[in-house]
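S.K.: Quick one: the structure is below, and I'll ask about it shortly.
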Amino acid sequence: MSRPAKIIIDLAAIQANCRLAQAIAPDSKTVAVIKADAYGHGAAEVAQALEPQVEMFTVSCLEEALVLRENGLSKPILLLEGCFDETELKIATDNQCELVVHSSLQLEQLLNATFETPLNVWLKIDTGMHRLGILPQEVEFIYAKLAASANVKNIVLMTHLAHAYSVDGAHTTMQISRFENCIQPIIVNANQKVELSMANSAALLAWPRTRVDWNRPGIMLYGLSPFTDSINVAKKLIPAMDFESQIIALRYIASGESVGYGCTWTAPRPSTIATVAVGYGDGYPRSAKSGTPVLINGHRVRLVGRVSMDLISVDVTDLLNVEIGDTAILWGKALSADEVASWADTIGYELVTRMPKRVTRVFVNQA
Ligand SMILES: Cc1ncc(COP(=O)(O)O)c(C=O)c1O
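Residue numbering for the sequence shown follows numbering that gives the first Met the number 0, starting at 0 and increasing by one per position.
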């Protein structure tokens, strides 16, 4: 019998969320974002579930792409940060990867390399995120160099939006305009269609102007909302990760007694406290405050005291018939990871992505 903390990944939910993304923009193609082990959901299994539905996948780096190839995935894979040095270029081409080019250094490495088969390049333009990308005023010049290179087949022009998840649209509108303006001369002069890519999940859901040739949904595939505000379309998403464990002890404490490290919570009344076998060693955030919701037998109760490495405590005083072995849901379909994240001063993205290996992962609805 192992520790009861486990995550259950519903692959049918991921397929349904992807269909929703595609129904919103039926004229676009989909690059499913499955970096960081598919945001903690298991990149190989998620890719296998999505492969019939999407045109391609994207990951951060070559190592992540090779995991997909080792697992038999054959669709093209985009490396979102491109190659980290020239030695990766050959491995990337041998493995049918497409490359983001975001800097002059990467451009030079690509142009100076010797390849047998040219590859597809996604030229990333920095329109306002200011992390990666060439400057809008460099686009025409760099595009021309890429287009003239025997190492390059197709070029997609892309940008990444910094604030599409907010209803305050000023920054997103500015980024879209910068993108549209700087690529205009290329589109006008091109003798074939130039493909474009702008939308992440938030943009796809809320910014119709960003739904162009290729969309790049990530978090919405896993059923979490990219928005800080409540947006109706995001309510249709189905959370794909259920995180659960079990009660392993019950104690009855007097009013005025404290619970857990640091004695940060004191019982205001005689209380029944359930000890659940899950802690920050299992990916439950240590920063979760007293009051964070937990579901016990489907009922909402509250975390009390500090989260420790292997255990949390919840106040079950108001529940009838609580027993050792009962299930505790930490987040999932019935309790959003986004809500739990808000009690821990973080976002749902971080909670699902950083699940450690010691938590058992179970896949359901696998074809
Ligand atoms: C370039 C790029 N496109 C798309 C995405 C997907 O974003 P989201 O998970 O918000 O949909 C990411 C994620 O960080 C990204 O870096």
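Glycine included, C-beta positions come from ideal geometry on N, C-alpha and C.
Remember, it's a predicted structure, so these values are computed and weren't measured experimentally.
(1) Of all the beta strand (DSSP E) runs that stay within the bounds of the region 205-254, which reach a length of 3 or more residues?
(2) Kindly indicate which residue of R68, E107, E115 and S73 has the alpha-carbon position closest to the one of K89.
(3) Leaving out five residues on either side along the sequence, give the residues of the same chain with a beta carbon under 6 Å from the beta carbon of A12.
(4) Quick one: is the Cβ of L79 within less than 7 Å of any heavy atom of ligand 1?
(5) Hey, would you say the C-beta of M219 is under 7 Å away from at least one heavy atom of ligand 1?
(6) Which one of S102, A266 and F226 has the shortest CA to CA distance from I346?
(7) On the DSSP letters alone, give me the boundaries of the beta strand (DSSP E) that M173 sits inside.
(8) Taking 8 Å as the CB-CB cut-off, is G282 touching chain D?
(9) If you draw a straight line from the alpha carbon of M308 to that of G278, how long is it in whole angstroms?
(10) Near V211, what residues of its chain come up, given a Cβ to Cβ distance below 7 Å and the 5 sequence neighbours on each side ignored?
(11) Suppose you measure from the CA of H298 to the CA of N364; what does that come to, to the nearest Å?
(12) Around the Cβ of V293, are there at least 16 other Cβ atoms within 10 angstroms (buried) or fewer (exposed)?
(13) Measure the C-alpha to C-alpha separation of I328 and E322 and round it to an integer number of angstroms.
(14) Taking 7 Å as the line, does the beta carbon of A12 fall inside it for any heavy atom of ligand 1?
(15) Out of S73, A273, S270 and G41, which has the shortest C-alpha to C-alpha gap to E368?
(16) Is G201 near ligand 1, in the sense that its beta carbon is under 7 Å from a heavy atom of that ligand?
(17) Ligand 1 and V430: does any heavy atom of the ligand fall closer than 7 Å to the residue's C-beta?
(18) Going along the chain, which residues of its own chain have a beta-carbon closer than 7 Å to the beta-carbon of I311, five neighbours each way excluded?
(19) For H101, which option in T113, T86, P117 and G81 has the closest C-alpha, if you only look at C-alpha atoms?
(20) Using 8 Å for Cβ pairs, my map puts L319 next to I295. What's the rounded Cβ distance?
(21) H159: beta carbon under 7 Å from a heavy atom of ligand 1?
(22) Does the beta carbon of E215 fall short of 7 Å from some heavy atom of ligand 1?
(23) Output the distance between the C-alpha atoms of G41 and L77, rounded to the nearest integer angstrom.
(24) What residues are listed by DSSP as bridge partners for S312?
(25) To which residues of the same chain is Y251 closer than 6 Å at the C-beta, ignoring the five residues directly before and after it?
(26) By alpha-carbon positions, which one of V155, K356 and Y142 ends up nearest to L98?
(27) Is P225 near ligand 1, in the sense that its beta carbon is under 7 Å from a heavy atom of that ligand?
(28) Do you know how far the Cα of K123 is from the Cα of L110?
(29) For the beta strand (DSSP E) holding E97, just list the boundary residues, first then last.
(30) Using the rule of at least 16 other Cβ atoms within 10 Å of the residue's Cβ for burial, across every protein chain shown, is G127 buried or exposed?
M.R.: Based on what the coordinates show:
(1) 240-252
(2) E115
(3) G222, I237 and A239
(4) With a cutoff of 7 Å, L79 counts as near ligand 1, since its C-beta is closer than that to a heavy atom of the ligand.
(5) yes
(6) F226
(7) That residue, M173, is in no beta strand (DSSP E); its alpha helix (DSSP H) goes A169 to N188.
(8) This model lacks chain D altogether, as it is built from one protein chain only.
(9) 5 Å
(10) S27, L195, S196 and M197
(11) 26 Å
(12) Classification for V293: buried.
(13) 15 Å
(14) no
(15) In the structure as shown, the chain starts at 0 and stops at 366, and residue 368 therefore has no counterpart that could be examined.
(16) Note that residue 201 corresponds to Ala in the displayed sequence, not to Gly. Checking the Cβ of A201 against ligand 1 gives yes.
(17) For the chain, the structure presents residues 0 to 366; residue 430 sits outside this window and is missing.
(18) V275, V277, G278, Y283 and L302
(19) G81
(20) L319 to I295, Cβ: 11 Å. No contact.
(21) yes
(22) In the sequence as displayed, the identity of residue 215 is Arg instead of Glu. For ligand 1, at least one heavy atom lies less than 7 Å from the Cβ of R215.
(23) 18 Å
(24) T274 and V303
(25) T271
(26) V155
(27) yes
(28) Here the alpha carbon of L110 sits roughly 16 Å from the alpha carbon of K123.
(29) C96 to V100
(30) buried
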